[in-house]
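First the structure, in the form of structure tokens, and then the observations on it.
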Amino acid sequence: MLGVAVGDLRGQPVGSQQAVEFRVSAEDLPDLGLVGDLAVQGQATTLGEDGIKVDLRVSATLQRACARCLRDVQLPVEADVEETFHTSGEAPLITMDTIDLGPVVHEAVVLAEPMRVLCAPDCRGLCPQCGKDLNEGPCGCTDDDQDPRLAPLAKLLHPREE
Ligand SMILES: [Zn+2]
Ligand SMILES: [Zn+2]
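Going left to right, the sequence shown walks through residues 15 to 176 as the numbering used here numbers them.
Here it is, written out as structure tokens:
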């Protein structure tokens, strides 16, 4: 739980603000695959009876594998989040003068992550036949080996290999 104490804001006039700033270590958010700390910066604002609104900027670096060549990629992500915490009724709730920013931060990182991560836009990927990383240079496989037009010829040459 990434609890932030907002007790000082309770009972303050509507629009009162409190700075929110903290860092979370990668070990505390193991399922996100972070490199280094995740940083949260922003503010909490009182809405009166409705509760407290937080506006946050979440910054993190993710460790991912390139979708083409599987190399490690360090991917910086930033996300702006806005969430209202309620004193009663609707979730998320303020409990014991604390708001739990864990789910909000978690969701922000997941949504900020691109669907497809590449180490470089022109990554050549792995050879589908031998698995060599083609960014490091060409492999010994020839294009002819994977040309489907040659399949009937191969069948003629090796009739038993069906
Ligand atoms: Zn790649
Ligand atoms: Zn190859």
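All C-beta atoms, glycine included, are put in the ideal place defined by N, C-alpha and C.
- Distance cut-off 7 Å: CYS141 Cβ against heavy atoms of ligand 2: Against the sequence shown, residue 141 aligns to sequence position 127. Yes - ligand 2 has a heavy atom lying nearer than 7 Å to the Cβ of CYS141.
- Message: Quick check on ASP147: does DSSP put it in helix, strand or coil?
- Response: Position 133 of the sequence shown, counted from the start, is the residue given in the question as residue 147. ASP147 falls in the strand class under three-state DSSP.
- Task: Sort PRO152, ALA58 and ASP86 by Cα distance to PRO143 and report the nearest one.
- Result: Your numbering for residue 143 matches position 129 in the sequence shown. Correcting the residue type first, residue 143 is Gln in the shown sequence and not Pro. Nearest of PRO152, ALA58 and ASP86 to GLN143, Cα basis: PRO152.
- Which of the three DSSP states, helix, strand or coil, is assigned to ASP114? Here residue 114 refers to the residue found at position 100 when the sequence shown is read from its first residue. Here ASP114 sits in strand by DSSP.
- Task: Using beta-carbon positions only, say whether LEU89 and VAL34 come within less than 8 Å of one another.
- Result: Translated into the one-based positions of the sequence shown, residue 89 becomes position 75. Translated into the one-based positions of the sequence shown, residue 34 becomes position 20. No, Cβ-Cβ distance for LEU89 and VAL34 is not below 8 Å.
- Ends of the beta strand (DSSP E) at THR59? Locating residue 59 in the sequence shown gives position 45, counting from the first residue. For THR59, the uninterrupted beta strand (DSSP E) segment begins and ends at 52–60.
- Message: Nearest by alpha-carbon distance to PRO135: which of VAL68, ASN149 and CYS141 is it?
- Response: Here residue 135 is taken as the residue at index 121 of the sequence shown, counted from 1. Looking only at VAL68, ASN149 and CYS141, the smallest Cα-Cα distance to PRO135 is reached by ASN149.
- Item | Buried or exposed (CB count within 10 angstroms, at least 16 for buried), THR60 | Numbered from its first residue, the sequence shown carries residue 60 at position 46. Buried, since its Cβ has 16 or more Cβ neighbours within 10 Å.
- Query: Between the stretch 113–123 and the stretch 33–49, do three or more beta carbon pairs fall short of 8 Å?
  - Reply: yes
- Between CYS137 and CYS155, what straight-line distance do the alpha-carbon atoms span, to the nearest angstrom? Working through the sequence shown from its first residue, we reach residue 137 at position 123. Working through the sequence shown from its first residue, we reach residue 155 at position 141. In a straight line, the C-alpha of CYS137 is about 18 Å away from that of CYS155.
- Message: What residue range does the beta strand (DSSP E) around ILE66 cover?
- Response: Position 52 of the sequence shown, counted from the first residue, corresponds to residue 66. Residues 66–79.
- Taking all protein chains shown into account, do 16 or more other C-beta atoms lie within 10 angstroms of the C-beta of LEU23, making it buried, or fewer, making it exposed? For the purposes of this step, residue 23 is taken as the residue at position 9 of the sequence shown. Under this definition LEU23 is a buried residue.
- Item | ARG155 Cβ short of 7 Å to ligand 2 heavy atom set | Reading the sequence shown from its first residue, position 141 is the one you call residue 155. The residue you asked about is not Arg; residue 155 is Cys in the sequence shown. Correct: CYS155 has its Cβ closer than 7 Å to ligand 2.
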